[in-house]
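Counting from 1, one number per residue, gives the positions in the sequence shown under full-length UniProt numbering.
The C-beta atom is built at its ideal place from N, Cα and C for all residues, glycine as well.
A quick write-up on the structure given underneath.
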Amino acid sequence: MTASGMEKNLLPSPYDPSAGFSVFWDFILGLSSTHTKCRLAVGIYNGTDLISDVKVLPTTSVTQLTTQQHPSVPAGGVAVLGATHPFPKCAPLPTLSVVVELQANNTTDPEDSGKLFSRGWAKMNLFDASDRLISGR
Numbered sequence: 001m002t003a004s005g006m007e008k009n010l011l012p013s014p015y016d017p018s019a020g021f022s023v024f025w026d027f028i029l030g031l032s033s034t035h036t037k038c039r040l041a042v043g044i045y046n047g048t049d050l051i052s053d054v055k056v057l058p059t060t061s062v063t064q065l066t067t068q069q070h071p072s073v074p075a076g077g078v079a080v081l082g083a084t085h086p087f088p089k090c091a092p093l094p095t096l097s098v099v100v101e102l103q104a105n106n107t108t109d110p111e112d113s114g115k116l117f118s119r120g121w122a123k124m125n126l127f128d129a130s131d132r133l134i135s136g137r
């Protein structure tokens, strides 16, 4: 796709710190077949220091998909989140990042099949060296 159309909207643009930004959490793909529910816990870090409250998104169900059902989607579990997470009044620092932890259950554990445990995390930088919000997917 060229810089016209959808991709054009994802290019870096000037950032207004007083307005902040929002992250739209749409879905998670490739979850284990042992997970029937999951959620995300999200925080903003400046280097190694947590500078926001950790927001825990609502728990959602995991649906198992096969490549036969959806050839363009990896086989495994999918969770549809559909949640917007605002970050108001966030200074544009290149050292800021968002850390997202995936919490999910394990149906193979008969004693705690409904309890959510940490299953992994990802760190994503928020701003580039020119103080522009890194946007995209």
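- Contact between leucine 50 and arginine 39 is absent: CB atoms are separated by about 18 Å, not below the 8 Å threshold.
- By the criterion of a C-beta distance shorter than 8 Å, serine 22 is surrounded in its chain by Thr84, His85, Pro86 and Phe87, once the five residues flanking it on both sides are discounted.
- Taking a 10 Å sphere around the C-beta of valine 80, we find fewer than 16 other C-beta atoms and assign the residue as exposed.
- Selection Leu93, Thr67, Thr63 and Ser32 evaluated against isoleucine 44 yields Leu93 as nearest (Cα-Cα).
- The C-beta of glutamine 103 has 16 or more other C-beta atoms within 10 Å across all chains shown, which makes the residue buried.
- A Cβ-Cβ distance of about 6 Å is found for the pair valine 62 and lysine 37, placing them in contact under the 8 Å criterion.
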